[in-house]
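All you need for our numbering is the position in the sequence shown, starting with 1, plus 1169.
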Amino acid sequence: MTWTPPAAHRLYGVNDTSWPPVATVKLGPFTLRRGGGGGQRVSSTSLWQDEFSEADIEAAETAMEGMGQPHLFMIRDNDQALDAALDDRGYFIKDPVTLFAGPSANLAEHDPKGLTVIDAPEPMAVMAEIWETGGIGAGRLDVMRRATGPKACFLGRTDDQPAGVVYVGCDKDIAMMHALEILPEFRRKGLALQMMGAMGAWALRNGAQTFSLVVLTENDAACGLYEKLGMVKVGQYHYRKKEAL
């Protein structure tokens, strides 16, 4: 069967499902997310309708303040008008990312079959310790626990030592990777490829023929690895943030 890349808007939905906020609220043309300390992605506001006004932006800003969150908008494909409006209001661009997708079967060819990578349904203590070194703390672990679909946390080992962790969640036929962290002393030893292989095999077992992820656009090394695995760029987004006065 020929694999077809998903549309960008489909991956935006997978993103929200596999990495869920505490709650979402519709306010005019915007969707606000309550993050609960889980980072930018689950604390940002995005458009769900094309048309908006300056008053809509101001209402969203007030609502974000009411949540105790900064003014933070997610700018996705086709959000050029909002991007320009926020630029005019003094918002700066933050963390441009690229969405990749590819056949899970391509990744599964590199599955170490349990020799160096194991998985668990929830974050284990040793996993949490590695994530903590990369700044992924309790708030983001809570995001993993909130996800209700098929999901798993993976622990990779190098030289018989815990060396890397990653989380993956499914939304129907698409799996998405989040929070890949490999300890500095174990990088460039092939562990990332083995972990990608284990996740690809897991995705197939859970009915996800497509594997996806979000990566900082400036991370050339990671983008190169994903392209070698047959993944393609299907979308992008960035944040617009305004410093508090």
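All C-beta atoms, glycine included, are put in the ideal place defined by N, C-alpha and C.
Asked: Could you give the DSSP three-state label for H1111: helix, strand or coil?; Found: A query on residue 1111 cannot be resolved here, the shown segment of the chain reaching from 1170 to 1414 and no further.
Asked: What runs of the beta strand (DSSP E), each 3 residues or longer, lie entirely inside the segment 1337-1385?; Found: 1343-1351 and 1379-1385
Asked: For T1327, which residues in the same chain have their Cβ closer than 6 Å to its Cβ, ignoring the five residues on either side in sequence?; Found: F1355, K1358 and L1360
Asked: Have a look at A1274, T1379, P1239 and D1329 and flag the residue whose alpha-carbon is nearest the alpha-carbon of Y1408.; Found: P1239
Asked: To the nearest angstrom, how far is the alpha carbon of E1412 from that of W1188?; Found: 25 Å
Asked: Hey, quick one: how far does the beta strand (DSSP E) through Y1260 stretch, first residue to last?; Found: From DSSP, Y1260 is part of no beta strand (DSSP E); its letter is neither H nor E.
Asked: Are the CB atoms of V1295 and P1331 nearer to each other than 8 Å?; Found: yes
Asked: Assess, as a yes-or-no matter, whether the segment 1385-1395 is touched by the segment 1300-1313 under the definition of 3 or more beta carbon pairs within less than 8 Å.; Found: no
Asked: So the beta strand (DSSP E) V1286 belongs to, where does it begin and stop?; Found: V1286 to A1289
Asked: Thinking C-alpha only, which one of G1207, E1230 and G1205 is nearest S1215?; Found: E1230
Asked: Measuring straight from C-alpha to C-alpha, what distance separates K1195 and Q1249?; Found: 21 Å
Asked: Just checking, does the segment 1366-1380 make contact with the segment 1249-1265 on the three C-beta pairs under 8 Å criterion?; Found: no
Asked: Comparing alpha-carbon positions, which option in T1171, S1213, D1219 and K1263 lies nearest L1385?; Found: K1263
Asked: Roughly how many whole angstroms lie between the Cα atoms of K1320 and R1374?; Found: 11 Å
Asked: Quick one: residues in its chain with C-beta nearer than 7 Å to the C-beta of G1376, no 5 flanking neighbours on either side, listed in chain order?; Found: D1342
Asked: Taking D1225 as the reference, give the member of G1205, L1201, R1210 and T1186 with the closest Cα.; Found: L1201
Asked: Using the Cα positions of S1222 and F1199, report the straight-line distance between them to the nearest angstrom.; Found: 11 Å
Asked: Taking all protein chains shown into account, decide if M1371 is buried (16 or more other Cβ within 10 angstroms of its Cβ) or exposed.; Found: Reading off the sequence shown, one finds Trp at residue 1371, where the question assumed Met. So W1371 counts as buried.
Asked: I need the straight-line Cα distance from V1337 to A1228, nearest angstrom please.; Found: 34 Å
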